[in-house]
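What follows is a set of notes on a single structure, which appears directly below.
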Amino acid sequence: MAYDDKSIKILEGLEAVRKRPGMYIGSTDKRGLHHLVWEIVDNAVDEVINGFGKNILVKINKDGSITVKDEGRGVPAGMHESGKSTPEVIYTVLHAGGKFETDGYKVSGGLHGVGASVVNALSEWMKVEIRRDKCIYEITFKDGGKVDSPLKVIGTTKETGTTVTFKPDETIFKNCNFSYTTICERMQESAFLISDLTITVIDEEDEKESVFHYDNGLASYIDYINEDKKALHKIIEIHGVKNNIVVDVAMQYTDGYNEQIISFVNNVKTVDGGSHEVGFKTALTKAFNDYIKKYSLSKTGLEGSDTREGISAVISLKIPEELLQFEGQTKGKLGTPVARTVVESIVYEKLSYFLEENKETAGVIMAKSLKSKFAREAARKAREEARNGKGRKEKEKVLLGKLTPAQSKDAKKNELFLVEGNSAGGTAKSGRDKNFQAIMPLRGKVINAEKASTNDLFKNEEINMIIHAIGAGVGSDCDPSRSNYNKIIIMSDADVDGSHIQTLLLTFFYRHMRPLIENGMIFIAVPPLYLVKYGKEKRYLMSNEELNEFRESYKGKFTIQRYKGLGEMNPDQLWETTMDPDNRSLIRVNISDLALAEKRVNVLMGDKVEPRKEWINENVEFTLEDDYRS
Ligand code: 28G
42 MAYDDKSIKI LEGLEAVRKR PGMYIGSTDK RGLHHLVWEI VDNAVDEVIN
92 GFGKNILVKI NKDGSITVKD EGRGVPAGMH ESGKSTPEVI YTVLHAGGKF
142 ETDGYKVSGG LHGVGASVVN ALSEWMKVEI RRDKCIYEIT FKDGGKVDSP
192 LKVIGTTKET GTTVTFKPDE TIFKNCNFSY TTICERMQES AFLISDLTIT
242 VIDEEDEKES VFHYDNGLAS YIDYINEDKK ALHKIIEIHG VKNNIVVDVA
292 MQYTDGYNEQ IISFVNNVKT VDGGSHEVGF KTALTKAFND YIKKYSLSKT
342 GLEGSDTREG ISAVISLKIP EELLQFEGQT KGKLGTPVAR TVVESIVYEK
392 LSYFLEENKE TAGVIMAKSL KSKFAREAAR KAREEARNGK GRKEKEKVLL
442 GKLTPAQSKD AKKNELFLVE GNSAGGTAKS GRDKNFQAIM PLRGKVINAE
492 KASTNDLFKN EEINMIIHAI GAGVGSDCDP SRSNYNKIII MSDADVDGSH
542 IQTLLLTFFY RHMRPLIENG MIFIAVPPLY LVKYGKEKRY LMSNEELNEF
592 RESYKGKFTI QRYKGLGEMN PDQLWETTMD PDNRSLIRVN ISDLALAEKR
642 VNVLMGDKVE PRKEWINENV EFTLEDDYRS
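In this text, residue positions in the sequence shown follow this note's numbering: the first is 42, and each later residue adds one.
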């Protein structure tokens, strides 16, 4: 290819990065901005890992640019076969000079590994200074990677190393302010993983400086994590190599209950864990169970979670590039299957040995795990007792305080009325057939199962009463054959509030007792809207339509009474019109109603007033359309 053609290709490459920055650095928000820093710092860290220089400086400059300096060999400053200088190639050709390999391990930055040219492409300007061969070289770029001044010698030096300064392009990044804290956190992490390394972070504007260096690697990391916690023993360190995979682990139990496992692969954090973490957990469970069995510390075994209560652990793996496999949207999960077996066998073997050699520490850790096991078992027992045991009777008394039960215990025939308001509840209680009808009055508004946290929902008195009265269980436990009632009937006023209560109850049943709906056990009662009296006769009318029909067909004198609520009826009337199986109308709620209910939930519970009003106007009558006579 001709020289000019190559130049055009390069510019096209950088232009592609500028067109779709997200493809190369994930995003153009704060994360993306800092990604630029990690790309450059990773290269500097690689030099340290390769054994060249130990100090790295990261400096946020007053003009919004950032400088990264290492004391490595310095980027080779010769001429490339293309006729360009090597630094120009490295900083303008996509993927060139980004990541290099060391002993077969692709170290650091491996996740996105797109290199310095991407950073250049997304910068307003960039300056690279190279100290090497007693010379100081400099090359500068502007406007997304265009050479501003080609490589030249600008002075002499005895030092070696590379210094890169760049200013992110404000037209690409929403916010170009580097965060001192974000940078410090990441640099500290690197310093924990690489014991030789010293990283200094400076904020010139705010005159802040932090230096990160840790002699004890992962053990220092654990010390830091457990700084404000009470550790139960000295840190356990594990090291091993198998199948070319290097495994390092540091772990320590605290008196707390949290499990904190942090893992890295080739110095990159695996935020979503993966096969290495699975191997670690399996090894822990196996080694501990062996130990408690050998010394007869418990008749039954530990579960995995028992062995991890209060643990802080850092796992660091070095995996040859050809074995690397990452999963998940953000590639934060190690896939490599062999990593599981390698970590499992190394940790199991070394940990078992450690326990045998350190009986005192072993005792402390086993006691902690056994305590966790007992607590877990006690909690389960308490849950079961709450469900079927003695404690249940007491609780039920409170929970069922408002329930007026039916006399018969025939679940096949019994009906539960959920009645809006105490006064209507009283009317229903007097009017019902007490042989098979039970009444539960509901005061005020029912909690919104769509919005409340599960925790709040199940603390709610009304909801608890309903769950306990029905007795079929909730959630995955819900079993219609255990229901105390064949029909559960929601009885509310024929107005907006009543419709609201229906919706809230249906939402709850839909979310937490759906099998009852699927079994056709949930109903809505339909109280009459009008009572017309003519001569010595009376008739209840269920809708405006019925009223119109009556008006057209009846020619004599009559009076109309409109029922605003259940409370306006006397017990006999309520029985006659709404509760008597021979006379009443019930709507059986089915799942397609529920699709409707879902919509209702959205409209009714949403924050917008207008669509809500509209919806109520359109749908208040809906209850009468799919009339179901029982
Ligand atoms: C300051 C911020 C970021 C770097 C080096 C050192 C070498 C290098 C960098 O070489 C081209 C490709 C593989 C050899 C390597 C110097 C070998 C000999 C280096 C950095 C040539 C890249 N002498 N230091 N790149 N390699 N620091 N810091 O970027 O074959 S990048």
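Using N, Cα and C, we set each Cβ at its ideal position, and we do this for glycine too.
Q) Terminal residues of the continuous alpha helix (DSSP H) containing Ser471? A) First-last of the alpha helix (DSSP H) with Ser471: Asn463 to Gly472.
**Q.** Every unbroken beta strand (DSSP E) inside the segment 292-334 [3 residues or more]
**A.** Qualifying beta strand (DSSP E) stretches, in chain order: 301-306.
Q: Leaving aside the five residues before and after Thr445 along the sequence, list all residues of the same chain whose C-beta is less than 7 angstroms from its C-beta, in chain order.
A: Closer than 7 angstroms at Cβ, skipping near neighbours: Lys470, Ala479 and Ile480.
**Q.** heavy atom of the ligand 28G below 7 angstroms from Asp111 C-beta
**A.** Yes, since a heavy atom of the ligand 28G falls inside the 7 angstroms radius drawn around the Cβ of Asp111.
(Q) Suppose contacts are defined by Cβ-Cβ distances below 8 angstroms. Is Val130 in contact with Ile263 by that definition? (A) No; because the gap between Cβ atoms is not below 8 angstroms, this pair is not in contact.
Q: Please list the segments of the alpha helix (DSSP H) lying wholly inside the segment 92-137, counting only runs of 4 or more residues, in order along the chain.
A: Counting only runs of at least 4 residues, the segment 92-137 fully encloses the following alpha helix (DSSP H) elements, listed from N- to C-terminal order: 127-133.
**Q.** Backbone secondary structure at Ile628 - three-state DSSP
**A.** For Ile628, the three-state secondary structure derived from DSSP is strand.
Q: Give the secondary structure of Met583 by DSSP, where H, G and I count as helix, E and B as strand, and everything else as coil.
A: Met583: coil per DSSP, three-state reduction.
Q.
Given the structure, does Glu278 come close to the ligand 28G, in the sense that its CB is under 7 angstroms from one of the ligand's heavy atoms?
A. Not so, every heavy atom of the ligand 28G lies at least 7 angstroms from the Cβ.
Q. Would the C-beta of Pro117 count as close to the ligand 28G, meaning under 7 angstroms from any of its heavy atoms?
A. Checking the Cβ of Pro117 against the ligand 28G gives yes.
Q: Helix, strand or coil for Arg59, going by three-state DSSP, please let me know.
A: Arg59 falls in the helix class under three-state DSSP.
**Q.** Local conformation of Pro191 per DSSP, three classes
**A.** Correct three-state label for Pro191: strand.
**Q.** Heavy atom of the ligand 28G within 7 angstroms of Val205 beta-carbon
**A.** Judged by the Cβ position, Val205 qualifies as a neighbour of the ligand 28G at the 7 angstroms threshold, a heavy atom of the ligand being closer than this.
Q: Round the Cβ separation of Gly113 and Thr203 to the nearest angstrom and send it over; I've been treating them as touching at under 8 angstroms.
A: So it is a contact: roughly 6 angstroms between Cβ atoms.
(Q) Cutting at 6 angstroms between CB atoms, please list the residues of its own chain near Gly145, excluding the five before and the five after it. (A) Confidence in Gly145 is poor, its pLDDT being 44 and thus under 50, which makes the residue's placement unreliable; the coordinate value appears in the next sentence. Taken in chain order, the residues that qualify are Pro361.
Q) When burial is assigned at 16 or more other CB atoms within 10 Å of the CB, is Phe282 buried or exposed? A) According to the sequence as given, residue 282 is Val; it is not Phe. Burial call: exposed.
(Q) What does the alpha-carbon distance come out to for the pair Ile531 and Thr600? (A) One Cα belongs to Ile531, the other to Thr600, and the distance between them is close to 29 angstroms.
Q) Buried or exposed: where does Pro569 fall if 16 or more other Cβ atoms within 10 Å of its Cβ makes it buried? A) By the Cβ neighbour-count rule, Pro569 is buried, with 16 or more other Cβ atoms within 10 Å of its own.
Q) Is it the case that the CB of Asn84 approaches a heavy atom of the ligand 28G more closely than 7 angstroms? A) Checking every heavy atom of the ligand 28G against the Cβ of Asn84, one is found closer than 7 angstroms.
Q | Beta-carbon contacts of Ala380 that lie in its chain and below 7 angstroms, excluding the five residues immediately before and after | A | Non-local C-beta neighbours of Ala380 in its own chain, meaning closer than 7 angstroms and more than five positions away in sequence, comprise Ile286, Ser316, His317, Gly320, Leu358 and Ile360, ordered along the chain.
**Q.** Opening and closing residue of the beta strand (DSSP E) in which Tyr178 lies
**A.** Here the beta strand (DSSP E) through Tyr178 covers Cys176 to Lys183.
Q | contact_flag[the segment 263-277, the segment 341-356] where n(CB pairs < 8 angstroms) is 3 or more | A | With the cut-off at 8 angstroms, the segment 263-277 and the segment 341-356 touch.
Q.
Going by beta-carbon coordinates alone, are Val160 and Ile81 separated by less than 8 angstroms?
A. With contacts defined as CB atoms closer than 8 angstroms, Val160 and Ile81 qualify as a contacting pair.
Q.
Assess contact between the segment 244-263 and the segment 376-393, defined as three or more Cβ pairs (one per stretch) separated by less than 8 angstroms. Is contact present?
A. Not touching, per the Cβ criterion.
(Q) Quick check: does the Cβ of Ile81 come within less than 7 angstroms of any heavy atom belonging to the ligand SAH? (A) Looking for the ligand SAH in the displayed structure turns up nothing; the ligands present are the ligand 28G.
Q. For Ser236, which residues of its own chain have a beta-carbon under 8 angstroms away from its beta-carbon, when the five flanking residues on both sides are left out?
A. Excluding residues up to 5 positions away in sequence, Tyr255, Asp256, Asn257 and Gly258 lie with their Cβ nearer than 8 angstroms to the Cβ of Ser236 in the same chain.
Q: Report yes if the C-beta distance between Ile302 and Val388 is below 8 angstroms; otherwise report no.
A: Taking 8 angstroms as the Cβ cut-off, Ile302 and Val388 do not qualify as a contacting pair.
Q. Name the DSSP bridge partner or partners of Glu368?
A. In DSSP, Glu368 forms a bridge with Lys374.
Q. Do Ser304 and Thr295 have their CB atoms nearer than 8 angstroms?
A. The criterion of a C-beta distance shorter than 8 angstroms is not satisfied by Ser304 and Thr295.
Q) On the premise that Arg349 lies in contact with Lys374, defined as a C-beta separation below 8 angstroms, what is that separation, rounded to the nearest angstrom? A) Lys374 to Arg349, Cβ: 19 angstroms. No contact.
Q: Count the other CB atoms, across all protein chains shown, that sit within 10 Å of the CB of Arg523; report buried if there are 16 or more and exposed otherwise.
A: Answer is exposed; the Cβ neighbour count stays below 16.
Q. Do three or more CB pairs link the segment 327-334 to the segment 224-239 at distances below 8 angstroms?
A. Counting Cβ pairs under 8 angstroms, fewer than three are found: no touch.
Q | Meets three-Cβ-pair contact criterion under 8 angstroms: the segment 191-210 and the segment 97-109 | A | Touching, yes, given that three or more Cβ pairs across the two stretches are closer than 8 angstroms.
(Q) DSSP three-state label for Met562, please. (A) Looking at Met562 - three-state DSSP - the assignment turns out to be coil, as it is neither helix nor strand.
(Q) In whole angstroms, give me the CA-to-CA distance for Ser393 and Tyr332. (A) As the crow flies, the alpha-carbon of Ser393 is around 8 angstroms from that of Tyr332.
Q) Exposed or buried, what is Glu88 when buried is set at 16 or more other beta-carbons lying within 10 Å of its beta-carbon? A) So Glu88 ends up on the buried side.
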